[in-house]
Structures are given as C-alpha cells and as structure tokens.
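Take a look at the structure below.
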Amino acid sequence: MARTPLIAGNWKMNLDHLQAVAFVQKLHWTLKDAGHEDGSVEVAVFPPFTDIRTVQTLIDADKIPFALGAQDLSTKDAGAYTGEISGAFLKKLDCGYVIIGHSERRDYHGETDEIVAAKVQAALKHGLVPVICVGETLEQREESGPTAVSVAQLTVALEGVPADAEFVVAYEPVWAIGTGQVASPEQAQEVCAALRAVIADTLGADAAERTRVLYGGSVKSGNIASFMREPDVDGALVGGASLVAEEFAAIIRYQKHVGV
Ligand code: 13P
3 MARTPLIAGN WKMNLDHLQA VAFVQKLHWT LKDAGHEDGS VEVAVFPPFT
53 DIRTVQTLID ADKIPFALGA QDLSTKDAGA YTGEISGAFL KKLDCGYVII
103 GHSERRDYHG ETDEIVAAKV QAALKHGLVP VICVGETLEQ REESGPTAVS
153 VAQLTVALEG VPADAEFVVA YEPVWAIGTG QVASPEQAQE VCAALRAVIA
203 DTLGADAAER TRVLYGGSVK SGNIASFMRE PDVDGALVGG ASLVAEEFAA
253 IIRYQKHVGV
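For the sequence shown, the numbering used here begins at 3 and goes up steadily by one.
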C-alpha cells in the first residue's frame, strides 16, 4: 500500500491572521500555477491558534486543497482550564491534524511522555489525527544511540491507541531543529525505520504499513528530495522553510525539480 507523502508546515509562533491570508493565497497560487495541486502530495499547514478560523474560511471559500492543523491541544474537553484549547474546538474549525509533543513543548512547557500520551488520546477522541513528535538531543544521541529516545517516546505515546487509529509520527532530532544542522538521509531513515518497527510491535503490521513517518529538522528545498528517497520517510514537518511561500512550494514540488 502506497502512503501518500505529507508535507506539513509548522508555523510555530509566526504569521498573524492577516499575514496568514497572504501566505496561504500565495502558496496556493504558486502550486496551482506549477500544476501541483494534483493530490500526489498532501499539504498541511499548522498556524497559530489565532489564525485557524481565518485560514479555515479562506481554504473553504477558495477550495484550497490544504489540510489544516493545530500546534497543540488540551488533554481536557472543556472547563476551568485558562488558556487551554479543546480538541472539540479544533474539530469544529475543520482541523484534521494536531501536532503533539513537539520538542519545543516538551522543553519549554514541561510536557512529559505521559502528557503527550494523554494528548494523543484527546486528539483521537475528538476525531483529530495526532502528529506525534519524537526526537533526541545531541547529548542523548551520544549517550544512548540514535534510536533509543525516539523509540521510548513513541512507545509511551502509543499506549492505549487502537490498532485502527490514524496518526502520523514525526522524527525531529532536537539538534537539527532550527539549527541548519540537518540530519543525513541515512540518519533519518535509521530512526524512521525504528519508529515504524515500534508501530508494528504495538499495533501490528497493517498499522505500520499505512502510517506516515515524517522527518523534521532544517528541511529545505535543497535537501527534501534526499529524504524522500528513503523508504521509511513519508514526508516532512517543516519549520522555518514553511514560512516562505516559494520555498515551501518548492519543498512540496520535490518530485518535479529533482525527479525522485
Ligand atoms: P525547522 O525546519 O525550522 O528546523 O523546524 C523543524 C520543526 O521543528 C518542525 O516542527
């Protein structure tokens, strides 16, 4: 079964709702002009919460074939949780995806593997596809090797996930995020294959075969094709390079300009 590649743009805390409109329109027209809205690659954008309604309206009105996602969600459904956002609210805004356990949330907001697992459950409960992020720091890589941290993080995140659940895994080595120090395609492949093996062990061969495993960390138009050639890399979670329409479009068009 062929997995549809997923190229996802994590905007992090960038682009307000007005900038979001200009960006999404530009990305859409750049891809359309290039004849690249043919569904061969799924495109997803993950704006800040305050942009989501605006982006949803634009996507809807102009029939733009981009999936929409949020960068986080609450473990709770509703109630006295100041500042939190429920998965139910995201679903109402037509979000299909939600990023969970990004290293910036683990690092700056103290998100533990257990919180990540609870957020995965919350996402599934509300019909959102979790994009589960895992990855090691340089220190952890040196101490325990390339796969141990990511394998352990994913194992906890998948606890209680049913075998037929749809989710995405993103391997984002912390040392490659926003640093320009990109992992080699071989390094990405090694960990992505190990993560697919975790899915197979926990949820079975079918789940492992259909689930998309992404690489993230300093992905650019100049290196995307080398990752996409790897058998266990099914797409990319892009940060900085997803904020420039021409560059993100070039990443999405990786098949065209390098001929993978
Ligand atoms: P960069 O592409 O800016 O390195 O960020 C990667 C990332 O964290 C995506 O979630």
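Cβ atoms here follow ideal geometry from the backbone N, Cα and C, with glycine treated the same way. Owing to the predicted nature of the structure, the values given are computational and were not obtained by experimental measurement.
Within 7 Å, strictly: CB atoms of residue i and residue j
i: E174; j: C135; result: yes
i: P67; j: E106; result: no
i: V163; j: C194; result: no
i: V133; j: Y110; result: no
i: S223; j: A252; result: yes
i: T77; j: A120; result: yes
i: N225; j: V158; result: no
i: A22; j: L239; result: no
i: F250; j: P187; result: no
i: G71; j: A124; result: no
Proximity to residue i [Cα-Cα], best of the options
i: G241; options: R231, S220 and E232; result: S220
i: F48; options: V131, I101, D64 and E249; result: I101
i: T204; options: E161, K93 and L126; result: E161
i: L126; options: P187, K93 and D234; result: K93
i: P148; options: A124, Q183 and A196; result: A196
i: I201; options: S186, L156 and L245; result: L156
i: A24; options: D115, A82 and V57; result: V57
i: R231; options: A190, D18, I117 and G71; result: A190
i: V43; options: D115, Q21 and L8; result: L8
i: L130; options: F91, V151, D115 and D35; result: F91
i: T181; options: R198, A124, A243 and Q123; result: A243
i: T52; options: V45, L17, D208 and D234; result: L17
i: K258; options: D234, V235 and A227; result: A227
Alpha-carbon to alpha-carbon, residue j and residue i
i: V262; j: G112; result: Note that V262 scores a pLDDT of 41, beneath 50, so its modelled location is shaky; the value from the coordinates is reported in the next line. Those two C-alpha atoms are separated by around 39 Å.
i: D1; j: G103; result: No answer is possible for residue 1: the residues shown for the chain start at 3 and end at 262.
i: A172; j: R212; result: 14 Å
i: A80; j: M15; result: 24 Å
i: V170; j: A210; result: 11 Å
i: A69; j: D166; result: 21 Å
i: A4; j: T139; result: 31 Å
i: E86; j: A36; result: 39 Å
i: P50; j: R255; result: 25 Å
i: D96; j: R198; result: 28 Å
i: Q142; j: V151; result: 7 Å
i: D115; j: V176; result: 16 Å
i: E248; j: A82; result: 42 Å
i: S146; j: G41; result: 40 Å
i: H19; j: N12; result: 15 Å
i: E144; j: G137; result: 13 Å
i: T84; j: H128; result: 20 Å
i: Y217; j: G206; result: 22 Å
i: K65; j: V246; result: 21 Å
i: P233; j: E192; result: 10 Å
i: V122; j: V26; result: 27 Å
i: A154; j: I117; result: 14 Å
i: T6; j: K34; result: 19 Å
Proximity test, Cβ basis, 7 Å: residue i and chain C
i: R55; result: The question asks about chain C, but that chain is absent: this structure has only one protein chain.
Item to check | Cβ contact check for the stretch 12 to 30 and the stretch 56 to 75: 3 or more pairs under 8 Å | outcome: yes
Next on the checklist: Please give me, in chain order, every unbroken run of the alpha helix (DSSP H) with length at least 4 that falls completely inside the stretch 148 to 182.
Outcome noted: Taken in chain order, the complete alpha helix (DSSP H) segments of 4 residues or longer contained in the stretch 148 to 182 are 150 to 159.
Next on the checklist: Please give the ranges of any beta strand (DSSP E) in the stretch 19 to 65, keeping only runs that are unbroken, at least 3 residues long and fully inside the region.
Outcome noted: When DSSP assignments are scanned along the stretch 19 to 65, the uninterrupted stretches of beta strand (DSSP E) that are 3 or more residues long and fall wholly within it turn out to be 44 to 48.
Checklist entry - What are the start and end residues of each continuous alpha helix (DSSP H) run of 4 or more residues lying completely inside the stretch 97 to 135, in chain order? => result Listed in chain order, they are 105 to 110 and 115 to 127.
Item to check | 4-residue-minimum alpha helix (DSSP H) runs that sit fully inside the stretch 180 to 215, ordered along the chain | outcome: 187 to 205 and 207 to 212
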